[in-house]
Each structure stands twice: as structure tokens, then as C-alpha cells.
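For the sequence shown, position 11 matches number 11 in the UniProt record's numbering, and the numbering has no gaps at all.
All residues carry an ideal CB built from backbone N, CA and C; glycine is no exception.
What follows is a single structure, written as C-alpha cells, with notes after it.
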Amino acid sequence: MGLSIKAPRGLTAAAISHEGGAGSGAAHEELAKADPHSGTNVAQIAYQWGFGHLGRFAGDYQRRYSQLPSTTLRT
1 MGLSIKAPRG LTAAAISHEG GAGSGAAHEE LAKADPHSGT NVAQIAYQWG
51 FGHLGRFAGD YQRRYSQLPS TTLRT
């Protein structure tokens, strides 16, 4: 089973509900570009892209990208 998410920004849940969907890729890109010193955090980005369960998001993210989302944000 893939990431559990809500459909953000006009995308359908079916289009982004599987691992590798638009939501997970967009969240990854945003985490990689974000400045952690600006106050941006993983929860804000995950919720922005429709991920409603942070623990599941972090676990699925780690399986896909081999690191925690907080690590991506800090690097």
C-alpha cells in the first residue's frame, strides 16, 4: 500500500495515492529546497501536499528515499 494522502491543489486522490505519485515527489522536492532555518518543518510540507498521517508519511518516505523527511529538510 502506498502513501495515505488527501488530494491537494485539484489533483485526484487516485492520481497521487500510490507510492511514487505526484504528492510524494512534490513533497520530496519541497523538502529538499526548503530552508529549515526559516521555520519550515516536515509537518507543514506534508500537510500542504495532502498527507494526513505524519507517521505513515515518514515511514513511506523513508522506504522510498532511504532517509527520513527531516533529514532531507536539514541537508
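State buried or exposed for residue i, treating a residue as buried only when at least 16 other CB atoms are found within 10 Å of its CB.
i: residue 57; result: buried
i: residue 66; result: exposed
i: residue 35; result: exposed
Less than 8 Å between the CB atoms is what I'm expecting for residue i and residue j, so what's the real figure, rounded?
i: residue 32; j: residue 72; result: 6 Å
Between which two residues does the alpha helix (DSSP H) containing residue i stretch?
i: residue 57; result: 54-65
i: residue 38; result: Residue 38 -> no alpha helix (DSSP H), and no H or E assigned at all.
i: residue 73; result: 69-74
Keeping to the same chain, check which residues put their C-beta closer than 7 Å to that of residue i; ignore five residues upstream and five downstream.
i: residue 54; result: 43, 46
So, for residue i: in the same chain, excluding its five sequence neighbours on each side, which residues have a beta-carbon less than 8 Å away from its beta-carbon?
i: residue 30; result: 45, 48, 49
Counting only the same chain and skipping the five closest in sequence on each side, list residues whose C-beta sits under 6 Å from that of residue i.
i: residue 62; result: 68
i: residue 40; result: 34
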